[in-house]
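For the sequence shown, our numbering begins at 187 and goes up steadily by one. Please read the structure below before turning to the comments.
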Amino acid sequence: FNGGPFFEESRIVCVNSGVEKVFDGTVSLDMVFTVPTKEESNLGDSIICDILNVSDGSKRQSVKIVTSGDEALYLKDEYGSLEVESCDEKSCLINIEYAYIVKNVGSKAM
């Protein structure tokens, strides 16, 4: 949880497409919270996470995340004030790109 609308604490409630809760808890800025994987819970094709004011329950933000696998999730993807911090090894890979500079340090042309 990276804050989005700047508040110290927020209550996050995430529900699947069948409106079953998959996460309900209070989090602080930069705190990591975990939504169960498809194997652990019935996430359905998407989840909706509401970020609520802790004191009065008013909605600060609502975020929809596609969990069907039709759209890739990548590390550091941001969904409103939520950021993908980690995934299981099957569904969240990060590409690594290498750049090389080759120099001819010898006395003969390449």
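The beta-carbon is built from N, C-alpha and C at its ideal position, and this holds for glycine as well.
* Please state whether DSSP places L268 in a helix, a strand or coil. => strand
* Asked: From E271 to E264, what distance separates their C-alpha atoms?
  -> 9 Å
* Asked: Pick from A295, G266, P222: whose alpha carbon is nearest that of R246?
  -> G266
* Asked: When the distance is taken between beta carbons, is S248 closer than 9 Å to G230?
  -> no
* Cβ neighbour criterion (16 or more within 10 Å) applied to L238 -> buried
* Measure the beta-carbon distance from E257 to N228 and round it to whole angstroms, keeping in mind my assumption that it falls under 8 Å. => Actually they are not in contact, since the Cβ atoms of E257 and N228 sit about 19 Å apart, beyond 8 Å.
* **Own chain residues within Cβ distance below 6 Å of R197, not counting five before or after** => T212, L238, V240
* Starting from R197, follow its DSSP beta bridges and name the residues at the other end. => T212, L238
* V208 classed as buried or exposed, judged by whether at least 16 other C-beta atoms fall within 10 angstroms -> buried
* Asked: From T253, S254, M217, pick the residue whose C-alpha is nearest to that of L268; which is it?
  -> M217
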